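A quick write-up on the structure given underneath.
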Amino acid sequence: MRRLLVLAVPLGVLAVLEVVGACGTLGELSETDAAVVPVLPSAGVGPFRALAKGEVLGTAPFVLDGAGVAPFREPSALPVDPSDATSMSVFLYVVAIPPPIAGVTPSMNEVIARTRADDARSFYGTVLDPDTMPAVVLSASLPWEGDNLTGPSALWVGSEVYLYYASAGGIGLARSSDGLSFEKEPSPVLARDPSVRWETTAPAAPSVAELPDGSFDMMYAAGLSIGEAVSQDGVHFTRVDADPTTAEVDPVLTPLGYGAVASLSEAGLAEAGASLPFDMAQVADPCVLPTTSPAGRFVVRVLYTGYDGAPGAATRSSAIGLAARFGTTGPLVRQPQPTFSIDKMEAAPTLFVWSGGEMLYVHANAGNPLAGEYPAIAAGVAPTEVTFPPLPDGGAYPASP
Amino acid sequence: MRQAALVAASVLALAAICVAGEARATPADAFGMGSRGTAMGGAQAADVADFSANYYNPAGLALAQGVELSLGYMRADHFLSVNGVNSGVNPVKGIVGGVVVPGKIFKIPFAFGAALFLPDGALSTVNALPQDQPRWELYDTRNDQIYVAANLAVSPLPWLQLGGGVSFLAATTGTLGITGSAAVLQPSGSQLRDALVADLTAIRYPQVGARVELTRRIALALVYRGQYSESLDLHAVLSGGITLQPMEATLTTAYYNLATDLVSTFQPQQGVLGASWEIAKDFRANLDLTYVNWSAYPAPVAAIDVKLTIPPPAFGWPPGVAPPTTPAPTTVIPINMHDTLVPHLGVEWRVADQPKWQGFVRGGYEYDKSPIPEQSGATNYIDRDRHAFSLGLGLRLVHLARELPGDLRFDGHVQLSELPSSATLKSSPADFVGDYVAGGHIWNLGGTLTVGF
Numbered sequence: 009m010r011r012l013l014v015l016a017v018p019l020g021v022l023a024v025l026e027v028v029g030a031c032g033t034l035g036e037l038s039e040t041d042a043a044v045v046p047v048l049p050s051a052g053v054g055p056f057r058a059l060a061k062g063e064v065l066g067t068a069p070f071v072l073d074g075a076g077v078a079p080f081r082e083p084s085a086l087p088v089d090p091s092d093a094t095s096m097s098v099f100l101y102v103v104a105i106p107p108p109i110a111g112v113t114p115s116m117n118e119v120i121a122r123t124r125a126d127d128a129r130s131f132y133g134t135v136l137d138p139d140t141m142p143a144v145v146l147s148a149s150l151p152w153e154g155d156n157l158t159g160p161s162a163l164w165v166g167s168e169v170y171l172y173y174a175s176a177g178g179i180g181l182a183r184s185s186d187g188l189s190f191e192k193e194p195s196p197v198l199a200r201d202p203s204v205r206w207e208t209t210a211p212a213a214p215s216v217a218e219l220p221d222g223s224f225d226m227m228y229a230a231g232l233s234i235g236e237a238v239s240q241d242g243v244h245f246t247r248v249d250a251d252p253t254t255a256e257v258d259p260v261l262t263p264l265g266y267g268a269v270a271s272l273s274e275a276g277l278a279e280a281g282a283s284l285p286f287d288m289a290q291v292a293d294p295c296v297l298p299t300t301s302p303a304g305r306f307v308v309r310v311l312y313t314g315y316d317g318a319p320g321a322a323t324r325s326s327a328i329g330l331a332a333r334f335g336t337t338g339p340l341v342r343q344p345q346p347t348f349s350i351d352k353m354e355a356a357p358t359l360f361v362w363s364g365g366e367m368l369y370v371h372a373n374a375g376n377p378l379a380g381e382y383p384a385i386a387a388g389v390a391p392t393e394v395t396f397p398p399l400p401d402g403g404a405y406p407a408s409p
Numbered sequence: 055m056r057q058a059a060l061v062a063a064s065v066l067a068l069a070a071i072c073v074a075g076e077a078r079a080t081p082a083d084a085f086g087m088g089s090r091g092t093a094m095g096g097a098q099a100a101d102v103a104d105f106s107a108n109y110y111n112p113a114g115l116a117l118a119q120g121v122e123l124s125l126g127y128m129r130a131d132h133f134l135s136v137n138g139v140n141s142g143v144n145p146v147k148g149i150v151g152g153v154v155v156p157g158k159i160f161k162i163p164f165a166f167g168a169a170l171f172l173p174d175g176a177l178s179t180v181n182a183l184p185q186d187q188p189r190w191e192l193y194d195t196r197n198d199q200i201y202v203a204a205n206l207a208v209s210p211l212p213w214l215q216l217g218g219g220v221s222f223l224a225a226t227t228g229t230l231g232i233t234g235s236a237a238v239l240q241p242s243g244s245q246l247r248d249a250l251v252a253d254l255t256a257i258r259y260p261q262v263g264a265r266v267e268l269t270r271r272i273a274l275a276l277v278y279r280g281q282y283s284e285s286l287d288l289h290a291v292l293s294g295g296i297t298l299q300p301m302e303a304t305l306t307t308a309y310y311n312l313a314t315d316l317v318s319t320f321q322p323q324q325g326v327l328g329a330s331w332e333i334a335k336d337f338r339a340n341l342d343l344t345y346v347n348w349s350a351y352p353a354p355v356a357a358i359d360v361k362l363t364i365p366p367p368a369f370g371w372p373p374g375v376a377p378p379t380t381p382a383p384t385t386v387i388p389i390n391m392h393d394t395l396v397p398h399l400g401v402e403w404r405v406a407d408q409p410k411w412q413g414f415v416r417g418g419y420e421y422d423k424s425p426i427p428e429q430s431g432a433t434n435y436i437d438r439d440r441h442a443f444s445l446g447l448g449l450r451l452v453h454l455a456r457e458l459p460g461d462l463r464f465d466g467h468v469q470l471s472e473l474p475s476s477a478t479l480k481s482s483p484a485d486f487v488g489d490y491v492a493g494g495h496i497w498n499l500g501g502t503l504t505v506g507f
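Chains as they are written, first to last, in my numbering: chain A, 9 to 409; chain B, 55 to 507.
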């Protein structure tokens, strides 16, 4: 009996140790081992996953869908309250072609409209939000603008909303204190410069960000490339040469080009299974996102549309790419892999950031390839592990745009 | 009878040595085995005689004075973070224990030993991640493994002990099959059936050791632990009809073959040179230098080869529908780790020496320089240099009862591993992960009870 006791005592002590060890806590991590969801480091620009069925009402990944009646393109996201990082309320400025209303909007001209979602997914004026339409905030009215306004880029400057846009005569600026009623600058803030040879088209698709020193950095699309201009006041922009070692003004990002692709082929990479670059023919629609890395380095990140075929080509596809540079000047470095690709001619990226992740908005082809397609606003999210609370029946659409 | 059992165990162990192949990681490599060893910073190769000799130096088993049974528990909690956010590395926790059975064969001291680490959770964990996904390469799931070691030792001369044996772990292989129909235009209407077959198989690696007593107070040791790796080979086969809408007629049949080849866990071969010096009657200092052949570490990334075959429908593809193309095979980026020399320092002070009991205070330090090169490119195998400081207490009770003529030992340890924070700078500004700052610490607590008969 004593022999059993001698053995039982230490084994009992160990049993207690085991229980204490298994249930014990050493701090925040050990409360529940399985409850800790790892948050992986990320540059905050993808890769993004498309929103899935159940995460949006209607057809995923579309969050603003005019169902062919009112096509929406080229979104620009603006946080409703930039001081509240947890808020998922976001404005989208989009290019729209409102349905004609007799005596009011007679033409098929493109205008800029504003909509809003308070959960980053349920936008005022989408097809499932009955009897609503995004509010038209800007339409062509100046002689240099032509008929259409496109490429909105909205940002907060103090308490004002600066809305840059593209038109036939270049890039314009309108300012507003409420985000709905805008006052335009009378002249373009960046017009076409015939001396810049790569700008074979007027500057378009602007994206403007305010830098830490208070200056403004603009990137824009022209020809097949992306250029850069800077301004101290957000009104008067000067082009920046990405490569001062050459005599000409150079773009900050060019398509990889068919010559480079041929080199890849000669090197045997294509035969070895390496896919051809998604942006070898054209880069466009920049979205400038300056930031400071956790290690303290200033990084200018740019989301853009990459095309593998030239404009007007019989077949070409697109994807959203990422390019970036350290510091405030110089050419951009491409990320070889697209950051968002859904094979629906996605284009014109814009980013909304909240404390839970990053939401990417693009325009993409909605509808059925057999019955006809039209542009609508689609969304992707990063990190891909982000989950959303379920939507209530009938959606959570805001009462106003 | 006892000799017969020893001989039988010896034959079994030797047979295992002869067929030893590859095996995989042990929690002992990271956190030590048994509280005395952990408290002394793992500096044990020339100064170990209990069950933990199965890991530190099998030759030490021959020093055992009687049959010993050990049982304990350890728990290591990781507080590792990247950019100030906890990385959620799971703790390593479980039962440790073992047995030592000494005896004599032909008047030669001889011993058989076995040791075990039995994790609380999964007995084996495999986490196959893309090579660009950040992970704490040397801590994420790697140490949460079942570990069993069996060894033999002899002392052919009073100043020489030799030992060797095998350690056992597990590997996983599997096949995933998917059949059914996939609707091109309405994926949610697809009807797919899947079947998964997986096997957990034992693998093993060898270890051998020697201990030489130079003087009554100084001993040297040499230990070798074999290299081992764990493979996860997964083959998936998908065949199914392609339709435009659910329940519609099949346009064509697609065949998707996926094969992965993954070394999911790898432990490099190790060589240990150990020394123990009894500086004073009640004070001992140990030093181990462990050479770790990390440069043999293969990239822990699944090499994926996919073959996608979709014959076009009889009347061609409908307008707007394009069949997917075969994805390019994975290009695995070499991890290029470098070999390391890990110093272990340990001291033991007998603070009390009474006829019925003895008390010990122990301390130790271990420095693991990270074998992983700067992660400035596309891969993100996060690691940092590790400074492990440990403390321990021991209590030895002798002649506790008539039924327990040997002793009863209780050892406890606490170990703090500091991984100083530092920045990883990416060479490309367009890296999806970008720069990050990583670091943290690990707390390791445990206790071991040994009954000597």
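Just so it is clear, CB atoms sit at the ideal spot from N, CA and C, and this is done for glycine as well. Every value quoted in this text rests on a predicted model; they were computed, and no experiment measured them.
**Request:** Take threonine 336 of chain A as the anchor and find which of A:Pro302, A:Val169, A:Val238 has the nearest alpha-carbon.
**Result:** Closest by alpha carbon: A:Val238.
**Asked** For the candidate residues B:Gly493, B:Leu451, B:Phe507, whose alpha-carbon lies nearest to that of tyrosine 435 of chain B?
**Response** By alpha-carbon distance to tyrosine 435 of chain B, the top candidate from B:Gly493, B:Leu451, B:Phe507 is B:Gly493.
**Request:** Give every residue of the same chain whose Cβ lies closer than 6 Å to the Cβ of proline 55 of chain A, excluding the five residues on either side of it in the sequence, and list them in chain order.
**Result:** Thr347, listed in sequence order.
**Asked** Taking a cut of 7 Å between CB atoms, which residues from the segment 295-315 of chain A lie near chain B?
**Response** The residues in question are Ser301, Pro302, Ala303, Arg305, Val307.
**Message:** Between serine 50 of chain A and chain B, is any beta-carbon pair separated by less than 8 Å?
**Reply:** Yes, its Cβ sits closer than 8 Å to a Cβ of chain B.
**Request:** With 8 Å as the threshold, decide whether the Cβ of glutamine 343 of chain A is near any Cβ in chain B.
**Result:** Residue-level contact check: glutamine 343 of chain A touches chain B, since one or more beta carbons of chain B fall below 8 Å from its beta carbon.
**Item:** Burial state of arginine 129 of chain A (16 or more Cβ within 10 Å)
**Value:** Arginine 129 of chain A should be labelled buried.
**Request:** For chain A, find out if any of its Cβ atoms is closer than 8 Å to the Cβ of asparagine 205 of chain B; answer yes or no.
**Result:** So no, asparagine 205 of chain B is outside the interface.
**Item:** Interface partners of leucine 330 of chain A on chain B, CB under 8 Å
**Value:** In chain order: Ala484, Phe486.
**Asked** Counting along the chain, where does the alpha helix (DSSP H) carrying proline 81 of chain B start and finish?
**Response** Annotation for proline 81 of chain B: the continuous alpha helix (DSSP H) segment containing it runs 81-85.
**Request:** Determine the DSSP secondary structure at tryptophan 152 of chain A, reduced to helix, strand or coil.
**Result:** Tryptophan 152 of chain A falls in the helix class under three-state DSSP.
**Request:** Reducing DSSP to helix, strand and coil, say where arginine 122 of chain A ends up.
**Result:** Arginine 122 of chain A: strand per DSSP, three-state reduction.
**Prompt:** Using the C-alpha atoms, what's the distance from aspartate 174 of chain B back to leucine 399 of chain B?
**Reply:** Those two C-alpha atoms are separated by around 29 Å.
**Prompt:** Is the CB-CB distance between threonine 502 of chain B and aspartate 461 of chain B below 8 Å?
**Reply:** Threonine 502 of chain B is not a Cβ neighbour of aspartate 461 of chain B, given a cutoff of 8 Å.
**Message:** My assumption, with CB atoms under 8 Å, is that alanine 212 of chain A sits in contact with alanine 230 of chain A. Please give the rounded CB distance.
**Reply:** About 7 Å separates the beta carbons of alanine 212 of chain A and alanine 230 of chain A, which is inside the 8 Å limit, making them a contact pair.
**Request:** Using a Cβ-Cβ cut-off of 8 Å, state whether leucine 510 of chain B counts as contacting chain A.
**Result:** Residue 510 of chain B lies beyond the residue range present for chain B, which begins at 55 and ends at 507; the question has no answer from this structure.
**Request:** Provide the residue(s) that pair with glutamine 324 of chain B in DSSP beta bridges, ordered along the chain.
**Result:** Partner(s): B:Arg279, B:Val346.
**Asked** For chain B, is any of its Cβ atoms less than 8 Å away from the one on glycine 364 of chain A?
**Response** With 8 Å as the cut-off, glycine 364 of chain A does not count as an interface residue toward chain B.
**Message:** Against arginine 333 of chain A, what residues of chain B qualify as contacts under a CB-to-CB distance less than 7 Å, listed in chain order?
**Reply:** Within chain B, the residues near arginine 333 of chain A are Pro483.
**Asked** Can you name the residues that DSSP bridges to lysine 158 of chain B?
**Response** Answer is B:Pro163, bridged to lysine 158 of chain B.
**Prompt:** Assuming glutamate 207 of chain A contacts glycine 180 of chain A under a Cβ cut-off of 8 Å, what Cβ separation, rounded to an integer in Å, is found between them?
**Reply:** The Cβ separation is near 17 Å, so there is no contact.
**Asked** By the criterion of Cβ-Cβ separation under 8 Å, what are the contact partners of tyrosine 193 of chain B in chain A?
**Response** Within chain A, no residue has its beta carbon less than 8 Å from that of tyrosine 193 of chain B; the closest one is some 12 Å off.
**Request:** Report the residues of the segment 134-151 of chain B with a CB closer than 7 Å to any CB of chain A, ordered along the chain.
**Result:** Under the 7 Å Cβ criterion, the segment 134-151 of chain B contributes Val136, Asn137, Val139, Asn140, Ser141, Gly142, Asn144, Pro145, Lys147, Ile149.
**Message:** Considering only DSSP beta bridges, list what glycine 263 of chain B is partnered with.
**Reply:** The partner list for glycine 263 of chain B (beta bridge, DSSP) reads B:Gly217, B:Val277.
**Request:** Buried or exposed for isoleucine 200 of chain B, please, with buried defined as at least 16 other CB atoms from any protein chain shown within 10 angstroms of its CB.
**Result:** Flag for isoleucine 200 of chain B reads buried.
**Asked** By how many angstroms is the C-alpha of serine 95 of chain A removed from the C-alpha of aspartate 401 of chain A?
**Response** Each residue's alpha carbon lies about 22 Å from the other.
**Message:** Please report the straight-line C-alpha distance between aspartate 407 of chain B and glutamine 429 of chain B, rounded to a whole angstrom.
**Reply:** If you take the alpha carbons of aspartate 407 of chain B and glutamine 429 of chain B, they lie about 52 Å apart.
**Message:** Excluding the 5 residues flanking alanine 318 of chain A on each side, which residues of the same chain have their C-beta closer than 8 Å to its C-beta?
**Reply:** Hits under 8 Å: Leu232, Ala289, Gln290, Arg324.
**Asked** Less than 8 Å separating the beta-carbons of valine 145 of chain A and arginine 122 of chain A?
**Response** Arginine 122 of chain A sits close to valine 145 of chain A, with the two beta carbons spaced by under 8 Å.
**Asked** Who are the Cβ neighbours of tryptophan 411 of chain B in its own chain at under 8 Å, not counting the five residues just before and after it?
**Response** So the qualifying residues of the chain are Leu449, Arg450, Leu451, Val452.
**As assigned by DSSP and simplified to three states, the class of arginine 305 of chain A** = Of the three classes helix, strand and coil, the one that applies to arginine 305 of chain A here is coil, per DSSP.
**tyrosine 309 of chain B, buried or exposed, once every other Cβ within 10 Å from all chains shown has been counted against 16** = Exposed, since its Cβ has fewer than 16 Cβ neighbours within 10 Å.
**Asked** Name the chain B residues that come within less than 8 Å of proline 55 of chain A, Cβ to Cβ?
**Response** Close to proline 55 of chain A, with beta-carbon spacing below 8 Å, are these residues of chain B in chain order: Phe486.
**Prompt:** Do valine 24 of chain B and proline 188 of chain B have their CB atoms nearer than 8 Å?
**Reply:** No information on residue 24 of chain B is available, as it lies outside the stretch 55 to 507 that chain B covers here.
**Asked** In this structure, does DSSP put asparagine 108 of chain B in helix, strand or coil?
**Response** Of the three classes helix, strand and coil, the one that applies to asparagine 108 of chain B here is helix, per DSSP.
**Item:** Under 9 Å by beta carbon: chain A residues contacting aspartate 489 of chain B
**Value:** Under the 9 Å cutoff, chain A gives Pro49, Ala51, Ser301, Pro302, Ala303, Gly304, Arg305, Val307.
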